[in-house]
Amino acid sequence: MGYRQRHAIVDLGVGVGFRQPHYSHVLGEKPPMDWFEIISENFMVRGGRALANLESLRAHYRVVPHGVSLSIGGTEPLDRSYLSRLKSLVDRIDPPWASDHLCWTGTAHANLHDLLPLPLTRQAIDHVVARVVEVQDFLERPFALENVSSYLTFTSSTMPEWEFLCEIAEKADCGILLDCNNIFVSAFNHGFDANAYVDAIPADRVVQMHLAGHTDKGGYLLDTHSDHVREEVWELYRRATRRIGPTSTLIEWDDDIPSWEELALEASAAHRVRAEALAPAAAKRAPLEEARTG
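In the numbering used here, the protein residues as written are 826 to 1119.
If you want it as structure tokens, here you go:
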């Protein structure tokens, strides 16, 4: 039995990030949207307006926290104060899972506020696995790691990134948050096959997928979350959805944030692409279901 089945991971549909420019509209008008993702650190507080907004959001939508500062690959001991505040948040909103990035973000003396890549080695796998187990046990709920976009590689690396991610997820018994845009960005920057990455990911480990836009800098792509999803990323999402099946999907748009109407249209596009990708499987199931009920 795979991870998704063991942990009863649900398909929430298509959601968007809960971002400040849309607070008034979302909380006041309660527009149609399957679910929302929040940046964990923005709500890891004891009270105030942030938690009031979160409670209003939770009253009408499913909410999933996504962190940016856990630094699961860092060499400093995990920050117990941070973990305690994260646990208070997840206990408050009772999400089906929590997530963060497969990266490091700095040291005890400096948070670089960036998602920095790791050397792809067995030593790094063992290091991260032990820390993921600690986090998942502490939170007492499923935890997922997201693949990050990257702009450099390490000469010490001994395997492709997908092998690194898959082995960590298997050994730590955690989920994967598969970011299709990050795969495309890193594949362009480093010259590997994005399709090979998607095809290597174990379907039963993927609990969520991300879609976003990026910026073409000519010689490299920069993951900016500042534009529409590119067609090549939609194609990766189609491919992943055909392999994995119905999976909670999020549109990330964090810079040059558009109107709610434009963001909602991007979520609608994800619904359409998802339905197209799942249609062949649904068509194959239909005759079997009719035979069972006939």
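Where a beta carbon is used, it is the ideal one built from N, C-alpha and C, also for glycine. Please read these numbers as outputs of a predicted model, since none were measured by experiment.
N- and C-terminal bounds of the alpha helix (DSSP H) containing residue i
i: G853; result: Y848 to E854
i: A1025; result: A1019 to A1025
i: Q961; result: R947 to L964
i: T1066; result: E1056 to I1069
i: Y828; result: Y828 to R831
C-alpha distance - residue i paired with residue j, whole-angstrom precision
i: E854; j: V1098; result: 27 Å
i: E988; j: G873; result: 43 Å
i: W1059; j: F979; result: 29 Å
i: V1023; j: Y1062; result: 9 Å
i: I897; j: L940; result: 10 Å
i: I993; j: R910; result: 25 Å
i: I834; j: M858; result: 19 Å
i: D836; j: S1073; result: 5 Å
i: I1082; j: G842; result: 11 Å
i: E862; j: V973; result: 17 Å
i: R1067; j: P1027; result: 13 Å
i: R871; j: E1101; result: 43 Å
i: I950; j: A1065; result: 24 Å
i: L1103; j: H934; result: 47 Å
i: E1086; j: E901; result: 43 Å
i: L1113; j: P1105; result: Bear in mind that a pLDDT of 47 at L1113, under 50, signals an unreliable position, so the number given afterwards is only what the model happens to contain. The straight-line gap from Cα to Cα measures roughly 14 Å.
i: T983; j: T946; result: 6 Å
i: A1021; j: P856; result: 38 Å
i: P1071; j: S849; result: 31 Å
i: D916; j: D962; result: 14 Å
i: N936; j: L1090; result: 35 Å
i: T1040; j: L990; result: 25 Å
i: T1049; j: G1038; result: 7 Å
i: L876; j: H847; result: 16 Å
Whole-number beta carbon distance between residue j and residue i, since they are thought to touch under 8 Å
i: D1018; j: A1012; result: 7 Å
i: P920; j: V889; result: 5 Å
i: N1006; j: H1035; result: 7 Å
i: P944; j: S975; result: P944 to S975, Cβ: 11 Å. No contact.
i: E1057; j: F1009; result: 6 Å
i: G892; j: E866; result: 6 Å
i: L879; j: A923; result: Contact flag wrong, Cβ pair sits at about 14 Å.
i: I1069; j: A1095; result: Going by Cβ atoms, the distance from I1069 to A1095 rounds to 14 Å, so no, they are not a contact pair.
Contact under 7 Å by Cβ, residue i with residue j
i: R829; j: D1029; result: yes
i: L908; j: F868; result: no
i: V839; j: A1092; result: yes
i: A969; j: G1000; result: yes
i: V1032; j: A997; result: no
i: L895; j: D925; result: yes
i: P985; j: H832; result: no
i: R844; j: L903; result: no
i: W929; j: G899; result: yes
Delimiting residues of the beta strand (DSSP E) encompassing residue i
i: S924; result: A923 to H926
i: A877; result: From DSSP, A877 is part of no beta strand (DSSP E) but of the alpha helix (DSSP H) over R874 to R883.
i: F868; result: Here F868 belongs to no beta strand (DSSP E), and DSSP marks it neither H nor E.
i: T1074; result: S1073 to E1077
i: L970; result: F968 to E971
i: G842; result: V839 to G842
7 Å Cβ cutoff, residue i in contact with chain D
i: M858; result: The displayed structure is made up of one protein chain only, and chain D is not part of it.
Could you name each continuous beta strand (DSSP E) segment of 3 residues or more that falls completely within the stretch 979-1036, going from the start of the chain to the end? 1000-1004
Quick check on the DSSP output: what are the complete alpha helix (DSSP H) runs of length 4 or more inside the stretch 889-939, in order along the chain? 905-918
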